[in-house]
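Report on one structure; see the data block that follows.
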Amino acid sequence: MNFDRVKEKLEILADAAKYDVSCSSSGSRRKNKNNGLGNSDGMGICHSYTQDGRCVSLLKILLTNVCIFDCAYCVTRRSNDIKRAAFSVQEVVDLTINFYRRNYIEGLFLSSGIFKSPDTTMERLIRVAKKLRLEENFNGYIHLKSIPGASDELMHEAGLYADRLSVNIEIPTKEGLKLLAPEKNHKDFIQPMKAVNNAIQEYKHEKEKSRRIPAYAPAGQSTQMIIGATGESDRDIMYSANFFYKKYNMKRVYYSGYVPVTDDDRLPSLGTQVPMMRENRLYQADWLIRFYGFEVSEIVNENSLNLDMDIDPKLSWALRNMSQFPIDINKAPKELLKRIPGVGLKSVHKIVEGRRHRQLNWQHLQSFGIALNRAKYFISCNSKIHYSNDIDPFKLKQNILLESNSKYSKYFNYQLTLF
Amino acid sequence: MNYITYDGSYAGLMTILYDIFQYKIESPIIQSRTIKDVGLYENINVITCESKAAKTLNYLKLFLSIGELELIRNIFLSEEQLAEQLIISVLQKTIKNKSSILKDFSNSNVLKIHKINKSVNREKHRMKAFIRFKKVDSDLFYAECEPDFDVLPLIIKHFSRRYANQKWIIFDSKRKYGIFYDLTQVQFIQLEKNSSNIINSQRSGEHDYEQLWSTYFERTNIKSRKNTKLFIQHVPKRYWKHLTELK
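Chains Y and U, in that order, are what the protein sequence lines are. Numbering follows the UniProt record's numbering, with no gaps: position 334 of the first sequence is 334. Numbering follows the UniProt record's numbering, with no gaps: position 123 of the second sequence is 123.
Okay, here's the thing in structure tokens:
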């Protein structure tokens with residue numbers, strides 16, 4: 001291995017891959033077989049963090065940043081005048097194995113610019129994974145990026161070696177995609193997802209009959225969309241995400257605040273702030289749908305097109321639905337407890353277990369780590385003190401904001417929004 | 001007050017539990033013999049007995065799940081000052097009730113235990129993440145660490161499963177002992193020589209991989225999203241000196 005050359009390639013091809021937010025290495029159980037190298041035990045490990053606080057668990061690189069497409073939002077687009085490079089299959093294998101042996105990483109996340117054709121590119125990605133699994137006996141995590149437009153046969157093969165497959169939908173609306181990536185077709189993103197989802201279902205079905213069936217993309221599929229590049233609403237985004245969760249059984253949808261990388265009239269100008277707050281709210285809303293039993297329409301709808309920036313989406317929902325409160329901590333079923341602002345899943349667990357032993361009061365709730373500054377207006381418990389929720393939601397919101405010390409408060413100067 | 005001293009081992013603590021039930025000792029105060037000021041009081045010294053410890057653990061299995069037993073052990077490995085006291089008090093109560101009280105989150109001792117457990121588990125997880133091996137002579141991979149809690153026993157399974165086909169040592173330089181995997185099993189080791197001897201005998205290629213990793217780390221950063229506070233929260237500074245990419 002020529003270190004200087006590989007280092008140079010790594011500089012270029014890690015740099016180009018960093019805008020993909022997916023970093024998860026969880027959800028796959030892959031045992032270390034035949035005294036090989038590595039395993040995945042279901043729980044991902046972040047081995048390091050970048051200066052911006054994002055997890056580093058996988059070696060995330062592009063195979064090449066040569067690309068035949070010219071999508072406006074992408075650094076690697078054809079018309080961008082940048083240095084191009086390409087790893088050989090063996091170089092990626094060596095880097096992965098050697099980083100893994102030193103406990104730097106959980107595995108590999110391999111993506112690529114599209115060179116020649118989608119199938120040629122996809123085929124090369126598969127070769128890396130295949131070599132790692134079959135020649136190196138590597139059982140660590142592998143995430144392959146599916147190439148839009150790749151054939152069903154190749155997608156099928158990819159799932160035999162990868163733990164997770166993903167294809168980035170990039171832009172949450174069809175119209176936005178048409179504007180920023182006119183050469184790409186919405187259908188080209190959907191087709192590989194469909195192929196992989198079908199194969200996953202098929203293998204699941206087969207596995208019920210025989211244990212010998214090999215693992216097929218055991219960590220499932222994920223996708224990502226860029227937020228804030230095309231003026232879409234949070235409702236557009238959440239409905240789009242929900243579609244992928246429901247229709248293609250996505251394990252995760254990632255939201256990636258647009259980082260301006262190019263001067264293009266169709267896009268926010270260079271130097272525009274990355275919408276980190278909005279990204280954060282979208283992930284909160286995503287969690288409410290996946291783990292807290294909320295329907296998308298309860299969080300975003302015609303009346304609330306966008307998520308509140310100054311309060312979290314659960315609180316926002318509660319303020320719109322005051323009639324559902326107060327919830328009795330000592331009696332309410334789990335499903336209702338989950339809907340109390342400031343009460344997370346772990347607190348719900350503590351409440352349910354704790355109240356078996358005695359009636360819970362404010363002190364107990366405080367000791368569970370519940371955010372009482374928000375929660376207290378929405379609950380009743382075994383105590384004479386009641387915090388009135390019988391006030392106008394707008395005032396209640398102001399009260400809560402005054403009492404809370406959000407790390408984001410510097411972004412708000414309590415000006416009334418115009419909309 | 002009954003002051004009990006012991007050798008500081010887990011089996012020792014389980015022996016104490018056996019004895020206080022045998023002799024019906026009410027609210028004992030437990031002190032490891034490593035603590036200096038034990039001479040002030042009259043002490044009962046409990047001598048560790050493997051068979052009593054095993055009996056205790058077996059008995060506890062009637063009321064506690066495997067997870068709950070692990071939790072108790074985690075508390076012990078936390079080296080917290082009150083750890084033994086907490087363990088004895090909740091186990092006494094568990095045995096008295098003939099059922100686990102570890103899920104009674106309205107009991108303040110139980111909450112304390114879960115809090116310590118959370119810290120120990122976090123440290124355990126961090127050691128799985130922040131261990132950095134260097135390849136040294138004879139294909140041995142060596143790592144040094146200084147965990148806040150004594151978590152090496154808790155990460156043996158993880159590393160021996162993951163790195164089944166390479167020899168490795170993880171050395172806790174704070175507690176001066178290590179775990180060594182020789183391709184078949186893991187054993188506890190003391191290193192006689194200063195560990196820097198091992199590092200010095202490094203192969204020349206090692207530096208190249210460290211550089212490649214640092215390069216990757218630097219290049220994967222997005223400058224316009226810089227968030228130092230969050231970064232330090234994830235990777236507290238005390239871990240930096242053992243992290244290749246942050247040295």
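Don't be surprised by glycine CBs; every beta carbon is placed ideally from N, CA and C. All figures in this text were calculated on a predicted structure; none of them were measured in a lab.
Chain U within 9 Å of Y:Asp24, Cβ atoms only: The sequence as given places Ser at residue 24 of chain Y; Asp does not occur at that position. Cβ-Cβ to chain U under 9 Å: no for Y:Ser24.
Unbroken stretches of the alpha helix (DSSP H), 4 residues or longer, contained in the stretch 128-185 of chain Y: 152-161, 174-180
Any 3 or more C-beta pairs closer than 8 Å across the stretch 60-75 of chain Y and the stretch 26-45 of chain Y: no
Neighbour list for Y:Glu170 in chain U, Cβ cutoff strictly below 8 Å: Chain U residues near Y:Glu170: none, gap ~17 Å exceeds 8 Å.
Closer than 7 Å at the beta carbon, the chain Y residues around U:Ser224: Val259, Val274
Contact list for the stretch 11-43 of chain Y against chain U, Cβ threshold 7 Å: Glu11, Ala14, Asp15, Lys18, Asn32, Asn35, Gly36, Leu37, Gly38, Asn39
Supposed close pair Y:Thr121, Y:Ile169 - CB separation, criterion 8 Å: That belief does not hold up - the Cβ atoms of Y:Thr121 and Y:Ile169 are roughly 18 Å apart, past 8 Å.
Sequence-distant residues of the same chain with beta carbon closer than 7 Å to Y:Arg266, five excluded per side: Ala72, Leu179, Leu180
Cβ pair Y:Ala375, Y:Leu360 closer than 9 Å: no
Of the residues Y:Arg235, Y:Ser383, Y:Glu157, Y:Asn2, the one placed nearest Y:Trp362, counting alpha carbons only: Y:Ser383
Y:Gly140 beta carbon less than 9 Å from that of Y:Thr96: yes
Cβ neighbour criterion (16 or more within 10 Å) applied to U:Phe188: exposed
Beta-bridge pairing of U:Gln187 - partner residues as DSSP gives them: U:Phe180
Proximal residues of chain U, C-beta to C-beta of Y:Leu59 below 8 Å: Tyr216
Simplified DSSP state of Y:Glu232, which is helix, strand or coil: coil
Three-state secondary structure assigned by DSSP to U:Lys134: strand
Y:Lys207 CB to nearest heavy atom of the ligand COA below 8 Å: The ligand COA is absent from the structure shown, which contains no ligand whatsoever.
Buried versus exposed call for U:Thr184 [16 or more other C-beta atoms within 10 Å across all chains shown]: exposed
Contact residues within the stretch 70-88 of chain U, judged by C-beta distance below 9 Å to chain Y: none
Interface residues of the stretch 88-115 of chain Y facing chain U [CB-CB below 8 Å]: Leu95, Asn98, Phe99, Arg101, Arg102, Asn103, Tyr104
Contact under 9 Å by Cβ, Y:Arg356 with U:Asp104: yes
Buried/exposed call for U:Thr228, threshold 16 Cβ in 10 Å: exposed
8 Å contact criterion, which Y:Ala199 and Y:Lys251 should meet: CB distance rounded: No, Y:Ala199 and Y:Lys251 are not in contact; Cβ-Cβ is about 15 Å, not under 8 Å.
Any C-beta of chain U under 9 Å from that of Y:Lys334: no
Sequence-distant residues of the same chain with beta carbon closer than 7 Å to Y:Ala150, five excluded per side: Pro118, Asp119, Met122, Pro192
Short CB-CB distance (under 9 Å) between U:Tyr209 and chain Y: yes
is_contact[Y:Lys7, chain U] using C-beta, thresh 9 Å: yes
Span separating the alpha-carbon of Y:Lys331 from that of Y:Trp317: 22 Å
Minimum Cβ-Cβ distance from Y:Gln224 to chain U less than 9 Å: no
Sub-9 Å separation of U:Tyr177 and U:Gln190 beta-carbons: yes
Three-way DSSP call (helix, strand, coil) for U:Ala129 in this model: helix
Assigned secondary structure, U:Leu152 (DSSP; H/G/I helix, E/B strand, else coil): helix
Exposed unless 16 or more other CB atoms sit within 10 angstroms - verdict on U:Tyr23: exposed
Beta-carbon neighbours of Y:Ile45, restricted to chain U and to distances below 8 Å: His125, Lys128, Ala129
In DSSP terms, what U:Asn45 is bridged to: U:Thr5
Extent of the continuous alpha helix (DSSP H) to which U:Gln92 belongs: 83-97
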